[in-house]
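Here the sequence shown is numbered in this note's numbering, starting from 1 and rising by one per residue.
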Amino acid sequence: MYLWVVLATFIVAILSYNLSVRPDMDRTYMETKAKTAIARFKLQHTAFYSYIDSKRLKLDEQAVPGAAVDYVSRVGYNNGHVIGTQSDKIKAEDIESFLPAGYTPRSDIYSKVFCFQKDGNNSLEAEYGEICETAPGGTMTCCSKEDTIVYVASWQQIPSNWLNKSGKPTSDMMLSIAKTDGYGKTFGYNQIKDSEDTSQESQNLPDYPVISGGFGYGINDTDTTFNLKYQRIFGAILNDADYHEQCNHNTCFVALQRVQNREGLTEYKARCDAEGNCSITTED
1 MYLWVVLATF
11 IVAILSYNLS
21 VRPDMDRTYM
31 ETKAKTAIAR
41 FKLQHTAFYS
51 YIDSKRLKLD
61 EQAVPGAAVD
71 YVSRVGYNNG
81 HVIGTQSDKI
91 KAEDIESFLP
101 AGYTPRSDIY
111 SKVFCFQKDG
121 NNSLEAEYGE
131 ICETAPGGTM
141 TCCSKEDTIV
151 YVASWQQIPS
161 NWLNKSGKPT
171 SDMMLSIAKT
181 DGYGKTFGYN
191 QIKDSEDTSQ
201 ESQNLPDYPV
211 ISGGFGYGIN
221 DTDTTFNLKY
231 QRIFGAILND
241 ADYHEQCNHN
251 TCFVALQRVQ
261 NREGLTEYKA
271 RCDAEGNCSI
281 TTED
């Protein structure tokens with residue numbers, strides 16, 4: 001009997017030293033899951049962006065009459081398949097060579113290329129309501145022109161378990177989105193001004209859909225000035241059938257990134273520090 005009392009006392013003593021689970025462990029676990037969902041989306045976007053970027057017209061090709069890039073507007077990748085292509089030079093296996101080994105394509109992630117006629121305005125504020133092929137004077141090779149603006153856009157409807165009752169990302173998901181590289185500039189979620197929302201954030205939004213975050217830097221085409229702007233989700237993207245079906249009335253991850261269609265072009269970029277001090281550099 002004495003032995004059992006000693007043993008029980010020993011067990012109680014050991015258990016008394018057990019620490020309770022840290023209260024932030026659940027939050028850390030959920031944030032990790034959210035980061036995984038974001039990473040899966042961005043892996044496809046980055047792969048498709050890199051693939052389209054690799055299709056630049058080389059300097060010697062630009063001198064050849066009729067030389068054109070292999071893609072046209074709305075060519076894209078979804079669920080292991082190329083969509084919207086008019087060229088047999090665009091192949092799913094070539095796109096997937098930019099993806100990490102073991103990546104599983106998803107049916108709810110879309111990546112597409114869009115080509116626009118430059119309208120002379122800041123590209124962040126421009127409407128770009130139609131692709132260059134259907135614009136006045138457009139051709140099926142307009143994606144190759146020097147004055148054409150080329151963007152790669154990707155989107156994915158955010159699963160309902162990551163949304164709150166108002167349809168916006170939960171705090172765990174929002175925390176992960178805000179920590180993601182390019183947030184507010186090339187990545188975020190589709191944000192629309194709500195007339196019933198009196199918050200300062202909503203009041204600061206423009207009257208058109210944008211990428212959340214509001215840290216985009218717009219470089220005027222005519223000089224090297226810069227302005228803090230929200231990245232607009234262009235009208236041609238909003239009107240895309242696949243985007244409209246997934247994201248017109250739903251909250252989606254959205255990535256939007258400009259691609260150079262030919263070598264040798266100069267692009268202005270703003271470099272800003274944490275205090276908001278900005279300088280202008282040029283990149284080819």
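Note that CB positions come from ideal geometry on N, CA and C, so glycine has one too.
query	result
Cα separation between S212 and F187?	8 Å
Is the number of C-beta pairs between the stretch 142-153 and the stretch 40-56 that are closer than 8 Å three or more?	yes
For Y103, is the classification buried or exposed, using 16 other Cβ atoms within 10 angstroms of its Cβ as the cut-off for buried?	exposed
What is the C-beta distance between L57 and A67, in whole angstroms, given that I count them as a contact (C-beta under 8 Å)?	6 Å
State whether the stretch 103-116 contacts the stretch 162-171, with contact taken as three or more CB pairs (one from each stretch) at a distance under 8 Å.	no
Should T28 go down as buried or exposed, given a rule of 16 or more other Cβ atoms within 10 Å for buried?	exposed
Take the Cβ of G182 as the centre, count every other Cβ of all protein chains shown within 10 Å, and call the residue buried at 16 or more, exposed below.	buried
Please tell me whether Q246 and Q157 are closer than 7 Å, where the distance is taken between their beta carbons.	yes
How far does the alpha helix (DSSP H) with Q231 in it reach, from first residue to last?	Premise fails: Q231 is in no alpha helix (DSSP H) and is neither H nor E.
Measure how close the beta-carbons of K185 and Q231 come, nearest whole angstrom, since I'm counting them as under 8 Å.	7 Å
I need the straight-line Cα distance from T141 to V72, nearest angstrom please.	7 Å
Determine the contact status of A236 and I131, defining contact as a CB-CB distance below 7 Å.	yes
To the nearest angstrom, report how far apart P100 and R262 are at their CA atoms.	26 Å
By DSSP, does R74 sit in helix, in strand, or in coil?	coil
Does A126 come out as helix, strand or coil in the three-state DSSP assignment?	coil
Threshold first: 3 residues or longer. Then list the beta strand (DSSP E) segments lying entirely within the stretch 87-159, N to C.	109-117, 148-157
At which residues does the beta strand (DSSP E) containing A68 begin and terminate?	Taken as a continuous stretch (DSSP letters only), A68 belongs to no beta strand (DSSP E), as it is neither H nor E.
Taking V210 as the reference, which of Y189, D197, G264 has the closest Cα?	Y189
In angstroms, rounded to a whole number, what distance separates the CA positions of C115 and C143?	6 Å
Which of the three DSSP states is assigned to A63 in this structure?	coil
Figure out for me which residue from K229, K42, P65 has the closest Cα to the Cα of K145.	P65
Does Q260 come out as helix, strand or coil in the three-state DSSP assignment?	coil
What does a CB cutoff of less than 6 Å around D242 pick up in its chain, not counting 5 residues either side in sequence?	Y110
Within this structure, are the beta carbons of D147 and A34 separated by less than 7 Å?	no
Given a cut-off of 7 Å on the beta-carbon distance, is the pair F98 and A39 in contact?	no
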